[in-house]
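Enquirer: Under UniProt numbering, the first residue of the sequence shown is numbered 1, with each subsequent residue one higher.
Sending over a structure as structure tokens; questions will come in a sec.
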Amino acid sequence: MYFDGSTSTAGAGIGILFITPEREMIPYSLKLNFSCTHNMAEYKALIQGLKMLLKFKVQR
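So, in structure tokens, the structure goes:
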């Protein structure tokens, strides 16, 4: 899992890239509907990615 968060005057968003053991790439992006710092966007991206891994019951 790779993740990144970004902020600008236009808003904030996160991007997550999951890579399967077969090297399939699954991108995911989300616009945040609240103002935040760049670090907050990074942490939100990490938390959202971890939640998705739990939801899909990824084991490794």
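C-beta atoms are modelled at their ideal positions from N, C-alpha and C, and glycine is treated no differently.
For GLY49, which residues from the same chain have a beta carbon less than 7 Å from its beta carbon, with the 5 sequence-adjacent residues on both sides left out?
Expert: Same-chain partners within the cutoff: MET1, PHE3 and ILE16.
Enquirer: ILE47: buried (16+ other C-beta within 10 angstroms of its C-beta) or exposed?
Expert: ILE47 should be labelled exposed.
Enquirer: Between the alpha carbons of THR7 and CYS36, how many angstroms are there, rounded?
Expert: Cα to Cα, the separation comes out at about 7 Å.
Enquirer: Do you know how far the Cα of PHE56 is from the Cα of THR20?
Expert: Approximately 12 Å between the Cα atoms of the pair.
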